[in-house]
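In UniProt numbering, the protein residues as written are 1 to 196.
From the three backbone atoms N, C-alpha and C, an ideal C-beta is built for every residue, glycine too.
What follows is a short report on a single structure.
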């Protein structure tokens, strides 16, 4: 594992974080390439019997289809910029990834609620490598069952890499909450290995 990836000491988890994995201005170049090249979509999800637009834009690239939040994601073919970033992430984490989910948070009102990346297609102990480019956003972990543990905040800075593996998704939820602050747009790439 890359020496930049330092462990976050969470019980029932195996989590590592590198705040400066891709330094600026290299991160700025990747951000601009992704903004131009990625086929961003505004998906809708069913909540409380209504179709509601997701509070962010998304895109799914890779080798396998993937279902989450009731959405069946058919993969788009890898872009050269995504292959470059996948290679960097695989070298750093020691894991292989066959797919990537991209999220574009345009403003502080774009968000991701509490969830775990625990879909059956990812296997019982998935490795999720989350790369952030652009504006920094607050992120948090919350244990599913232990009420004695407070939520754990983390700032996902430009060029940072967060690796969640082992039992993490089984025991912890995570989120990117809304913020009233003015924030710069952020692109998040979550590399994963779909096995189904």
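> Would you call the stretch 57 to 66 and the stretch 16 to 30 touching, i.e. three or more CB-CB distances under 8 Å?
Replying inline: no
> Is there at least one Cβ from chain C nearer than 8 Å to residue 79's Cβ?
Replying inline: Here there is only one protein chain, and chain C is not present.
>> If you reduce the DSSP assignment to three classes, tell me which class residue 28 lands in.
In response: Reduced to three states, the DSSP call for residue 28 is helix.
>> So, with DSSP's three-state summary, where would you put residue 84?
In response: helix
>> By the three-class DSSP mapping on this structure, what secondary structure does residue 164 have?
In response: Residue 164: strand per DSSP, three-state reduction.
> Three or more beta-carbon pairs under 8 Å between the stretch 105 to 114 and the stretch 172 to 183, yes or no?
Replying inline: yes
> Where do the N-terminal and C-terminal ends of the beta strand (DSSP E) with residue 134 fall, by residue?
Replying inline: Counting along the chain, residue 134 sits inside the beta strand (DSSP E) bounded by residues 128 to 134.
> Using DSSP with H/G/I as helix, E/B as strand and the rest coil, what is residue 89?
Replying inline: helix
> If you run the structure through DSSP and keep just helix, strand and coil, what is residue 9?
Replying inline: coil
> Where does residue 153 fall in DSSP's three states?
Replying inline: strand
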